[in-house]
Amino acid sequence: MNFCANQKPETVEVLLVDDEEHFREAIAKRLTRRGMSVAQAADGGQCLELLAEKPIDVVVLDVKMPGMNGIDVLRRINADYPRTEVILLTGHATTADGVDGIKAGAFDYLTKPIELEHLANKIHQAFEKIQRLKAARAEAEYRKNIERQMIITERLASLGTMAAGVAHEINNPLAIIKESAGWLKLLLAGEELRDMARRGDFERALDKIEKSIDRARRITHQLLGFVAKSSSAAAEVDLAELLEEAVQLIAPAADKKGVRIIRKYSASSVFSDPYQLRQVFHNLLTNAMYATGSGGTITVAVEDGAEAARIAVSDTGQGIPPENMHKIFEPFFTTKPPGEGTGLGLFVTRGIVAKLGGTIEVDSTLGRGSRFRISLPKHTALPEHKESTSS
Amino acid sequence: MIKIPTRVLIVDDEKDFVEMLGLRLEAAGEKVTAAYNGRECLKVLENKSVDVVILDIRMPGIDGIETLKEIKQRFPLVEVIMLTGHGSTESAVDGMKLGAFDYLLKPADFNDLTAKLNAARKRKDEQEERIRKAEARLLMRKSGDV
C-alpha cells in the first residue's frame, strides 16, 4: 500500500470565480499556460454548481461580486467541500475583507490588482497543503488497516493457542476411549463371547465409537499440527512441481465430478518449507473441489516475482457469501455438514502461510466462484531449529 | 512360529490408558509392565529386563524427556517409543535426537503402535546380536593371541 500522494505530479484543479470576464479570461489563460487546469465561474451560484460537478482543489474567489457575496460563498465551500482550499481576491481598499476571509477559513488572500506570479505561488502553496492532508489521511487509513489486521491476527493466534490446549487435553481421554474400544472389540472377537446375544449390535456400536474417535482425532491432530512449530525444514521448493503434486491428489475426484483443472504454471522457486506448503495447497484445492460443481473449473497458477512468488487457486464454485468473508479463517468455521469438515482447513492454512512470512487473500463472488491468492517471500527465515546441547 | 513376547513397559500418568493399552498388548502376546511416572519407570528398569518402553512425554514429576535421558544413559539397549498428546512434535523430535526409537501421537492407532513396537524390538535384538558377536571376537582374539 502506498500513501505518498505526490508520487506523480498531479495537475491542480483551479476554479476562478470573478464577475469581470476579461480579467477572468486573462488570468485563466496564463494559469493554464503554467500547467494548471482552470475552470471559470461568473458568480457564487455558478461556482457552487461547478463544485458539485467536479472536484476542485483551489478556488480563486473574488470577494466583491454581484449576487452572493464572496465570504458567503467561502462559508458554503468550507461547509460542503472541506478539502477544497480558497484564495480570496480583494479590492485594494478592502483588505479587511481578506482578513475576515482568513478568519472564515480561506487559505489566504491577495489584493487586486494581482501579480500573476504571486497568485500562481499561492495556488501552489494551497495545493501543497491539500497534498499534505491527503497523504496524512491515507496514512491514517493505512494505519487503521494495519491495526485491524493485527487485531484479527492476534485474535486468531489466541484462538489457536486455546484450541491447541483444548485439543491436547482431549487427546488423553480420547486415547483411553480408543484403547478401551479396541479392547472390547478384541474380547468380542474371542472364543468366550462367540455365542453372546446381540453380538452384532455390540460390534456396530463399537464401530461407531471407533469412527467417532478417528473423527475427533483428525480434529485434535489438525489443531495441534498448526501449533507445531518444528520439523520445519527449509529447502528450495519448485512451486509448480509442489502444486502439481497437490493437484494430482485431487485429480481423480475432479475427473469423477466433471471438474476441469486449468494449470498456469510459470517457473518459480522459493526457499521455504515444502511440507507445510503442500498442506496449504492441499487445503485450498480440497476446498475448491468441494465448492465447484460438475462442469466447473479450477485454475491453479504460479507466478514468479522478484521478491515474492504468487500462487493462486480459483474456482467457479458457489462463492463465499459476503457475511461469511471475515469468518472463513476462524477455527471451526465450516459450511460443510457435520463430520465432513473440521472447520480448520483455512485456519491452519492461514497460520502456515503467516509462519512462512507470506500473505493470503481471498476474493469471491457469490455464485461465480472464489479465488485464493498467496504471496510467498522468495526466502523464508524459518526459526532456527533447536539443537540439543549434548550433540 | 511361536511369537517371542516383547517385554513392554508402559509409562504414563493416565492410569486408565496404561490399563487398557496393557490389556490389548497382553492379548497381542506381549509381556506388559506398568509404571505411572518417570521414577517408577526407572525403578522397574533396575529390577526387570525390558525390551521397549512406551513413554508419555508429559508427566508430572520428571517428565518423559528427562526420563528418556536417564534410560539412555543407564540402560542404553532399551528402546523407547515416545507417546505424546502434545501437538508439538518438537518435543518428540527432541526425544528422537536423544535416542528414542520413534514417537506416536495420542490417540495412536494400535496397528501403528504394534508396528513400531516390533521394529524397536527388532533393532534391540540386532544390536544385542552384534554385541554378542563382538564379544565373541574379542574373546577369540584374546585366547588366540600368540
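These protein sequence lines map, in sequence, to chains A and B.
For the first sequence, the numbering used here gives the first residue as -1, with consecutive numbering after it.
For the second sequence, the numbering used here gives the first residue as 24, with consecutive numbering after it.
Don't be surprised by glycine CBs; every beta carbon is placed ideally from N, CA and C.
In terms of residues, what are the limits of the beta strand (DSSP E) holding methionine 34 (chain A)?
Per DSSP, methionine 34 (chain A) belongs to no beta strand (DSSP E) and is neither H nor E.
Using a 10 Å radius around the Cβ and a threshold of 16 neighbouring Cβ atoms, would you call asparagine 119 (chain A) buried or exposed?
exposed
Residues in the same chain with beta-carbon distance under 8 angstroms from glycine 365 (chain A), minus the five sequence neighbours each way, listed in chain order, please.
Gln316, Gly317
At what residues does the alpha helix (DSSP H) containing serine 267 (chain A) begin and finish?
Counting along the chain, serine 267 (chain A) falls outside any alpha helix (DSSP H), though it belongs to the beta strand (DSSP E) covering 267 to 270.
Which chain A residues sit within Cβ distance under 9 angstroms of glycine 108 (chain B)?
Ala165, His166, Glu167, Ile168, Asn169, Asn170, Leu172, Ala173, Thr218, Leu222
For arginine 146 (chain A), which of helix, strand or coil comes out of DSSP?
helix
Under a three-way DSSP split, which group does glycine 367 (chain A) fall into?
strand
Could you check if arginine 22 (chain A) is buried or exposed, using at least 16 other CB atoms within 10 Å of its CB as the buried criterion?
buried
First and last residue of the alpha helix (DSSP H) that includes lysine 66 (chain B)?
61 to 70
How many angstroms separate the CA atom of alanine 306 (chain A) from the CA atom of lysine 132 (chain A)?
30 angstroms
Any beta carbon from chain A within less than 9 angstroms of leucine 140 (chain B)'s own beta carbon?
no
Just to confirm before moving on: does the CB-CB distance between isoleucine 248 (chain A) and threonine 295 (chain A) stay below 9 angstroms?
no
Between the C-alpha atoms of lysine 206 (chain A) and alanine 289 (chain A), what's the straight-line distance to the nearest angstrom?
28 angstroms
Status (buried if at least 16 other CB within 10 Å, exposed otherwise) for glutamine 220 (chain A)
buried
Of the listed residues B:Asp35, B:Gln150, B:Ile85, B:Met163, nearest to glycine 108 (chain B) (C-alpha basis):
B:Asp35
Alpha-carbon to alpha-carbon, glutamate 201 (chain A) and leucine 191 (chain A):
12 angstroms
Opposing strand residues paired with threonine 295 (chain A) [DSSP bridges]:
A:Arg258
So, helix, strand or coil for glutamine 316 (chain A), using DSSP?
coil
Euclidean distance between Cα positions of leucine 204 (chain A) and leucine 185 (chain A)
12 angstroms
Cα-Cα separation between proline 83 (chain B) and asparagine 60 (chain B), rounded to whole angstroms
7 angstroms
Mind listing the chain D neighbours of isoleucine 211 (chain A)? Cutoff is C-beta to C-beta under 8 angstroms, in chain order.
Reference to chain D is not applicable here, since the protein chains of this structure are A and B.
Quick one: what does DSSP say glutamate 102 (chain B) is sitting in, helix, strand or coil?
strand
From glycine 339 (chain A) to methionine 160 (chain A), what does the alpha carbon distance come to, in whole angstroms?
20 angstroms
Step through the CB atoms of chain A and report whether any lies within less than 9 angstroms of the CB of methionine 82 (chain B).
no
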